[in-house]
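In what follows, a structure is listed as structure tokens, so that the remarks can point back to it.
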Amino acid sequence: METIRGKTCILMDLNELHDRLANYNRIILDLGTGDGRYVHSLAERFPADFIIGVDSCRENLHEYSRAKLLNMLFIISNAQSLPCELNGLVSHISINFPWGSLLDGLLTADTSLMRGLERLATSTASIDVHLNGGALADAGWPLENGADKIYYNLLQAGWRVRTPRCMDEDELQVFPTTWARRLAHGRDPRGMKIHS
Ligand SMILES: C[S@@+](CC[C@H](N)C(=O)[O-])C[C@H]1O[C@@H](n2cnc3c(N)ncnc32)[C@H](O)[C@@H]1O
Numbered sequence: 142m143e144t145i146r147g148k149t150c151i152l153m154d155l156n157e158l159h160d161r162l163a164n165y166n167r168i169i170l171d172l173g174t175g176d177g178r179y180v181h182s183l184a185e186r187f188p189a190d191f192i193i194g195v196d197s198c199r200e201n202l203h204e205y206s207r208a209k210l211l212n213m214l215f216i217i218s219n220a221q222s223l224p225c226e227l228n229g230l231v232s233h234i235s236i237n238f239p240w241g242s243l244l245d246g247l248l249t250a251d252t253s254l255m256r257g258l259e260r261l262a263t264s265t266a267s268i269d270v271h272l273n274g275g276a277l278a279d280a281g282w283p284l285e286n287g288a289d290k291i292y293y294n295l296l297q298a299g300w301r302v303r304t305p306r307c308m309d310e311d312e313l314q315v316f317p318t319t320w321a322r323r324l325a326h327g328r329d330p331r332g333m334k335i336h337s
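Letter by letter, the sequence shown follows residues 142 to 337 in the working numbering.
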């Protein structure tokens, strides 16, 4: 699988991955990580956990992936073809403010996405999804209806999630991703959260 550190792409095999992951409590995966700020923030806050950021777009990852934190890794991958090296390893998945094919995949319960999430997860894994009004509107969905649709798709895929709840401007403001902060100051500062 392809990993990135700064501007350098490095291929990592299963043995190297297992060496990196040894002795950590939980493996947390942030899908559609963007610039990786969220991963960096979790890696600093939870040194006993290993945090992995995945995104299909490498250009945004140059800054945060450069940081010298041993419990952090960034992988370049499409959400619809997640690396099999991670099979059965991930104890928590976050998807924060998805757009494009990642959001479409959640809305349509795309088989390759849903099976990929299931494949990576441990038997007790949890998932958190945060959504925003603008991205859902672009996908043709009102915020609440889109959140409900994704909630039911996750339930059907076997995830134990609670009913969607609103995120207001204040909550977006303190949520540690670049996109949350941008949304909090933007024209449509509304979000929804679906948590395990
Ligand atoms: C609005 S940004 C949110 C970034 C970050 N989670 C945040 O909150 O700041 C959405 C991200 O999803 C990624 N994305 C969209 N479709 C994807 C896919 N099919 N596979 C992987 N990443 C995808 C984009 O490249 C982008 O970085």
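C-beta atoms are modelled at their ideal positions from N, C-alpha and C, and glycine is treated no differently.
- Taking 3 residues as the minimum length, the beta strand (DSSP E) runs contained wholly in the segment 184 to 227 are 191 to 196, 213 to 217, in order along the chain.
- Three or more beta-carbon pairs separated by less than 8 Å link the segment 254 to 271 to the segment 298 to 310, which places the two stretches in contact.
- The segment 289 to 299 makes no contact with the segment 309 to 325, as fewer than three CB pairs between them are under 8 Å.
- Around the CB of GLY147, fewer than 16 other CB atoms lie within 10 Å, so the residue is classed as exposed.
- Rounded to the nearest angstrom, the gap between the Cα atoms of SER197 and SER206 is 14 Å.
- Shown here for LYS334: same chain residues with a beta carbon closer than 6 Å to its own, the five before and five after excluded, namely HIS271, ARG306, MET308 in chain order.
- Going by beta carbons, GLU226 and MET153 fall inside the 9 Å limit.
- Chain order is used for the residues whose beta-carbon lies nearer than 5 Å to a heavy atom of ligand 1, namely GLY173, GLY175, ASP196, SER197, CYS198, ASN219, ALA220, ASN237, PHE238, TRP240, GLY241, SER242, LEU243, THR318, THR319, TRP320.
- For ASN294, the uninterrupted alpha helix (DSSP H) run begins and ends at 284 to 297, by DSSP.
- In its chain, beyond the 5 residues on either side, SER267, SER337 have a beta carbon closer than 8 Å to the beta carbon of ARG301.
- Ranked by Cα distance from THR144, the options MET213, PHE187, LEU183 are led by MET213.
- As for any beta strand (DSSP E) of minimum length 3 sitting wholly inside the segment 235 to 277, the runs are 262 to 273, ordered along the chain.
- The three-state reading of DSSP puts THR149 in strand, counting E and B together.
- Here the segment 320 to 335 makes contact with the segment 229 to 242; the two share three or more CB pairs at distances below 8 Å.
- Looking from the CA of LEU248, the closest CA among LEU284, SER222, LEU261, LEU230 belongs to LEU284.
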